[in-house]
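S.K.:
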Amino acid sequence: MSTIRVQYGLRIKDLRDERGLSQRGFAARIGMSPTYLADVERGARNVSIDNMKRIADGFGVTFHEMTEGME
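In UniProt numbering, the protein residues as written are 1 to 71.
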């Protein structure tokens, strides 16, 4: 499993938790399957750049803010 995928997934989970959003609720908000989002959060999916942007938009942050600090 790619470390960057795990880091990105943890970033999503942290932002969701900070905002008090459930996985299912956030997935519905951004028009994404809850199963797909769960896989992304676990680092089990190689998420497309389009979906990365969709997730960032759902949080109201920039793409850069979503990936800031990742190596």
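For each residue, glycine too, the CB sits at the ideal point set by N, CA and C.
Can you tell me which of the three DSSP states M66 falls into?
M.R.: Of the three classes helix, strand and coil, the one that applies to M66 here is helix, per DSSP.
S.K.: Using a Cβ-Cβ cut-off of 6 Å (strictly less than) and excluding sequence neighbours within five positions of R5, which residues of its own chain qualify?
M.R.: Cβ within range, chain order: G43.
S.K.: With 8 Å set as the bound, which would you pick, yes or no: does the beta-carbon of E65 sit closer than that to a beta-carbon of chain B?
M.R.: In the displayed structure, chain B is absent; only one protein chain is listed.
S.K.: Between I55 and Q23, what straight-line distance do the alpha-carbon atoms span, to the nearest angstrom?
M.R.: Looking at the two C-alpha atoms, the distance is approximately 12 Å.
S.K.: Under the rule that 16 or more other beta-carbon atoms within 10 Å means buried, what is G9, buried or exposed?
M.R.: So G9 counts as buried.
S.K.: Over the uninterrupted alpha helix (DSSP H) stretch that includes L28, give me the two end residues.
M.R.: One point to set straight first is that residue 28 is Ala, not Leu, in the sequence displayed. Counting along the chain, the alpha helix (DSSP H) containing A28 begins and ends at Q23 to I30.
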